[in-house]
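This is the structure:
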């Protein structure tokens, strides 16, 4: 199991390298630069800035510098902030994004799996239809539509919850953004769970479990749930990345001080260092989450471990 | 019936039927069947695919597909298992009656260790602690002939061969020392060499535990060595029932005789294999008379007119036929 995890970890290195390289060059293809503004700066100052950030060197040399720094764990300077480099800015935003993302992820899994199982066990009966319809709403409406509606209803008209901001970081500030982030994923997870659960419940080994008279609760929880979770778990990898990219939008709608805000500002300002830094950060996170998913998969399906 | 013989009866099917609701109408897979199983008795249920032999016993175990419905009575020690609530049924199945399924490759849960799958019913039905259940299960693995059981106990099903898995499934069914063991074609998916070993295992263990064995099979060869009594099923009902020797020597129903003639012999050329002409009837459009009449070599007017009932021909030997064979030789002249 450990050697399996280690092998999977090694195989992510080339993926990361390709992504960094592609990102670096694509960013430079875009017109404009970090110091182009409404008022153009005097050429001498631009010259100095370019020299300071190595922007006057050939592109390939800049790339090698960047990768060199990266290997030493240095995400480089931010082009728009003298006080904080890229790594420091990410660390400032990280706790917010992390709390938000993980809470939403956990919520999506819990709701999705629970609703999916109920749907499967009450297949084509009342609970299945009701839950299915509710989940459909979450899937088809995009977060930038759901978010303002929830803000309007719960934030302004009912005034139960704050409209936005982080406040003191207490639960009531988290509820709306987390729900908005979790809803579509809870929907997809529930559909996958339902389908997979129905399939597993028709398997021969479930008939064996029933024949043993161990009761419906153990039959579902012990015998059906684990194999039924396999397609769900393989969805969680991509889901984690959707969730994170979704957090960019949700953070700006709710005015939360997470990494997403830096990313959007940096992209608009051509802050190469900051954009690359956040992209790399998200990438590492996604690769890491996928690794966890693969390990979970190996736990669920003993046959995978031997590969 | 005296009190003693009444006490001997373990399972009694009375007017037992199974109907499946389908979009094309109801299909009666088993119709008005009667069968008595005594304690420790070994009965083989023989029939072609689709004769309803598997469904009969899945129905008793409460394992029919959702659209399946049973009627009549299935009395296990006098208690009608068909009338039990799901919770009560779970106290009976896996404890008093157990089932071994056809395909050992899919009958075990691929994501749970053998140990977990073996110990759970002991913990639930017999209130064993985890440790006591492990000891009991390991002992049973030894008895079903699994070498090095301690190591295999902690493996997953995919790490074992088919024959080994079927032994595990048998061990699983026998762990709680059930009074009735239903085996649904337990050797069909196995190599011929393994088949004989598995059948021996059934023989020995059921005798040892005084467990009644219902062996469902389409292979008359399997029946010969194993069963005390044979019930032949055709189109959802028993057409002949007899002690095993009598059935082989003096089959009365033309269907039994035809099945018997269809067993390939080693000295037989492939082109000379005996087949039963035609196919089993569509259960939605059963003939008005005898279900076998369209394929029967001895069919007469009354066969087409009305269905025959099971009639006793000799002690313990009954057949549902208007024109039963008195002797086997007669078949040969007809065939």
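Chains as they are written, first to last, in this note's numbering: chain Z, 164 to 470; chain C, 798 to 1132.
We put the CB at the ideal spot given by N, CA and C, even for glycine.
Just so it is clear, the structure is predicted and the values come from calculations on it, not from any experiment.
Buried/exposed call for residue i, threshold 16 Cβ in 10 Å
i	result
residue 917(C)	buried
residue 1023(C)	buried
residue 1089(C)	buried
residue 371(Z)	buried
residue 978(C)	buried
residue 750(C)	The question about residue 750(C) has no answer, for chain C in this structure spans 798 to 1132.
residue 880(C)	exposed
residue 914(C)	buried
residue 377(Z)	buried
residue 323(Z)	exposed
residue 176(Z)	exposed
residue 292(Z)	exposed
residue 165(Z)	exposed
residue 210(Z)	exposed
residue 932(C)	exposed
Rounded separation between residue i and residue j - CA only
i	j	result
residue 945(C)	residue 1117(C)	50 Å
residue 294(Z)	residue 273(Z)	14 Å
residue 270(Z)	residue 354(Z)	15 Å
residue 1011(C)	residue 835(C)	11 Å
residue 194(Z)	residue 224(Z)	20 Å
residue 817(C)	residue 865(C)	4 Å
residue 848(C)	residue 1074(C)	16 Å
residue 464(Z)	residue 948(C)	20 Å
residue 394(Z)	residue 380(Z)	22 Å
residue 842(C)	residue 822(C)	28 Å
residue 1038(C)	residue 391(Z)	44 Å
residue 906(C)	residue 873(C)	28 Å
residue 167(Z)	residue 455(Z)	12 Å
residue 1054(C)	residue 1083(C)	22 Å
residue 920(C)	residue 901(C)	23 Å
residue 897(C)	residue 305(Z)	51 Å
residue 1095(C)	residue 964(C)	43 Å
residue 1057(C)	residue 1122(C)	13 Å
residue 1076(C)	residue 1119(C)	21 Å
residue 996(C)	residue 1014(C)	12 Å
residue 911(C)	residue 941(C)	14 Å
residue 421(Z)	residue 357(Z)	34 Å
residue 858(C)	residue 1044(C)	28 Å
residue 958(C)	residue 397(Z)	29 Å
residue 1086(C)	residue 893(C)	38 Å
CB contact check: residue i to chain Z, cutoff 9 Å
i	result
residue 1128(C)	The predicted model places residue 1128(C) with a pLDDT of 49, which falls under 50 and marks its position as unreliable; any figure quoted below should be read in that light. Chain Z, which has no Cβ nearer than 9 Å to the Cβ of residue 1128(C), makes this no.
residue 900(C)	yes
residue 947(C)	no
residue 877(C)	no
residue 896(C)	yes
residue 888(C)	yes
residue 884(C)	yes
residue 903(C)	yes
residue 938(C)	no
residue 846(C)	no
residue 976(C)	no
Sheet register partners of residue i (DSSP bridge)
i	result
residue 833(C)	809(C)
residue 866(C)	816(C)
residue 876(C)	873(C)
residue 1111(C)	1114(C)
residue 825(C)	816(C)
residue 897(C)	980(C)
residue 842(C)	1013(C) and 1028(C)
residue 890(C)	894(C)
Chain C contact for residue i (CB, 9 Å cutoff)
i	result
residue 371(Z)	yes
residue 458(Z)	no
residue 376(Z)	yes
residue 464(Z)	yes
residue 385(Z)	yes
residue 471(Z)	The requested residue 471(Z) is not part of the displayed model; chain Z covers only 164 to 470.
residue 179(Z)	no
residue 472(Z)	Here chain Z comprises residues numbered 164 to 470, so residue 472(Z) is not present and cannot be evaluated.
residue 290(Z)	no
residue 399(Z)	no
residue 381(Z)	yes
Mind pulling the alpha helix (DSSP H) runs of 4 or more residues that sit fully within the stretch 1002-1054 of chain C?
1017-1023 and 1041-1046
Scan the stretch 915-982 of chain C and note each continuous beta strand (DSSP E) run of 3 residues or more that stays entirely inside, going in chain order.
977-981
For the stretch 164-204 of chain Z, list the alpha helix (DSSP H) runs that are entirely contained and at least 4 residues long, ordered along the chain.
If we require 4 residues or more, the alpha helix (DSSP H) runs fully inside the stretch 164-204 of chain Z come out as 165-192.
Threshold first: 3 residues or longer. Then list the beta strand (DSSP E) segments lying entirely within the stretch 207-237 of chain Z, N to C.
none
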